[in-house]
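Colleague: Sharing a structure with you now.
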Amino acid sequence: MSNRVLFAVLLSGLIAVTASSDRNASKSNAHIDTTRAEAVKFVLDHLAAFEAGDLDRWGAGMTDDVFMIAADPAEAIAGRAAILAELHKDFDPAFEAGLKLSIKPTFSQIGVSHDLNAAWTAHVLAYTIMFGADTLKFALRNTNVLIKQNGRWRIVAANYSQPISRQEMIGAFTSGKFPSPAPIANAVSLTAENLVEQFRKDVKDLSQADLHAEVLVMGPEPQDPAIGIEAAKNFFARWAREAGQWRERGDGIRAGASADGQVGCVITNLEWRAKVDSMKTVVPQRAVLVYQNEKGAWKLTQTHISVGVPDPE
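Okay, here's the thing in C-alpha cells:
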C-alpha cells in the first residue's frame, strides 16, 4: 500500500459531529470522557510493555505503517517492523543482561476527535534505568497520534525527544557536535494536500496561526509545555523574536488527514536560525503537528518541536 493511500485509510472516518440539544451534548461529553480514559489506559499499557522489556507487545500498539521520530537524530523510522527490528537490536541484549526500566508520566494531556475515533497525546516521561550498580535518570517528551482500528487504539505517529537548553543546542550545532536529523520522506495523502498548504502558511509565523482553544506546544527546551492560545502564541512569538521564524528544511514532509478533512497530522523537519556573535547558526529541528478542521478552517491543536540529541557513545 502506498504512503498516499495509507494515510487516507489510517486517518479516515474522523467526522466532526455537532450535538443537537443540551441533552445530547451532555451525553457526548460523557462519551468524550470515557474515550479519553480509554486512550490514557492504552498509553500507560503501551509504556508498561516497554518497561517490562516486552517489545513485541509494545509494538502491537502501533499500526503497521506507523512513523516514529526517536530522540536520536538518526532515528526517523517508518513501519512497525522496522521500528521493532531497531529496538530489538538495541535493547534485547541489555534486557537479557538484567536492565531494569521505569517510565513514569509526570505530565499528560490528551485530546480526542469529535467522532471519538482519533486522539492525540502529550507526555513528559521520567525514565529511570538500573543496570547493575548504575542508575541513570532522565526525562523525555512524547507525543502520539492515535486512531481506532477494529475498536482498538493504535499509534500512527509518535515523537520522542530529549529536552535541551537553548544555549546547548546552539553550541552543539555551531561546533558541529550534533548531526542533522534524518530526512522525512515525502508522503502526503490526497486528503491532506490542503492541510500542507495551511501548514506552509502557518510556519511563516506560527504566532499568527489559527490555534485551537486547547492547543498544546512542546518545544525543545526543558520548560513546561505551553497550553492554550495565549501561551502558545507567546511561545512562538518569543522564538521568532529572538532569532527569526522557522522554515521548512526541505528534506521531506509527511501528512495525512481524514477522508472528510476534519483531523490531520503533519511531520517534517524545520530550521531555526540563531544569531551568535553576529553570526547565524542553523539549528535543525523535527516537528509533528496535529490540526483540527472547524467550520472549514484548519486549527493547530498540538505541536511538538524538538532537537535530535545523539545517544551517548
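Counting from 5, one number per residue, gives the positions in the sequence shown under the working numbering.
We put the CB at the ideal spot given by N, CA and C, even for glycine.
#1: Nearest to G254 by CA position, among T285, A291 and Q153, is which residue?
#2: For a test of the three-state rule: what should DSSP assign to I188, helix, strand or coil?
#3: Have a look at N297 and Q249 and give me their C-alpha separation to the nearest angstrom.
#4: Using CA coordinates, which residue listed in I151, A126, W276 and A53 is at the minimum distance from I107?
#5: Going by beta-carbon coordinates alone, are A244 and L210 separated by less than 9 Å?
#6: On the premise that A191 lies in contact with R258, defined as a C-beta separation below 8 Å, what is that separation, rounded to the nearest angstrom?
#7: Rounded to whole angstroms, what is the Cα-Cα separation between R27 and N33?
#8: For a test of the three-state rule: what should DSSP assign to L120, helix, strand or coil?
#9: Which same chain residues, not among the five before or five after R61, have their C-beta less than 6 Å away from its C-beta?
#10: Starting from Q4 and walking both ways along the alpha helix (DSSP H), at which residues does that stretch end?
#11: Rounded to a whole number of angstroms, what is the C-alpha to C-alpha distance between M222 and A89?
#12: Have a look at I73, G136, E218 and L59 and flag the residue whose alpha-carbon is nearest the alpha-carbon of K93.
#13: With DSSP as the reference, label E70 as helix, strand or coil.
#14: For D138, which of helix, strand or coil comes out of DSSP?
#15: In chain order, what residues of the same chain lie with their CB nearer than 6 Å to the CB of G17, ignoring the 5 residues before and after it?
#16: Return the Cβ separation of P316 and P185 in integer angstroms, given the expectation that the two are a contact with Cβ distance under 8 Å.
#17: Less than 8 Å between the CB atoms is what I'm expecting for P167 and A143, so what's the real figure, rounded?
#18: Checking the sheet assignment: what are the DSSP bridge partners for E100?
#19: Comparing alpha-carbon positions, which option in A126, A101, A75 and M72 lies nearest L48?
#20: Can you give, in chain order, each stretch of the alpha helix (DSSP H) that sits fully within the region 228-261 and has at least 4 residues?
#21: Hey, how far is the Cα of K205 from the Cα of A301?
#22: Classify V294 as buried or exposed, calling it buried when 16 or more other Cβ atoms lie within 10 Å of its own Cβ.
Modeller: Working from what's here:
#1: A291
#2: coil
#3: 24 Å
#4: A53
#5: yes
#6: 5 Å
#7: The predicted model places R27 with a pLDDT of 36, which falls under 50 and marks its position as unreliable, so this point remains unresolved.
#8: coil
#9: A53
#10: Limits of the chain in this structure are 5 at one end and 317 at the other, which puts residue 4 out of reach.
#11: 28 Å
#12: L59
#13: One detail in the question is off: residue 70 reads as Val in this sequence, not Glu. Strand, per DSSP.
#14: strand
#15: Any answer about G17 is weak, because its pLDDT of 35 lies below 50 and its placement is not dependable; what the coordinates show is given next. Residues N121 of the same chain have their beta carbon placed closer than 6 Å to that of G17, with the five preceding and five following residues left out of the count.
#16: Rounded to the nearest angstrom, the Cβ distance from P316 to P185 is 18 Å, too far for a contact under 8 Å.
#17: 7 Å
#18: E100 is not bridged to any residue.
#19: With respect to the C-alpha of L48, the residue from A126, A101, A75 and M72 having the closest C-alpha is A126.
#20: 233-247
#21: 13 Å
#22: buried
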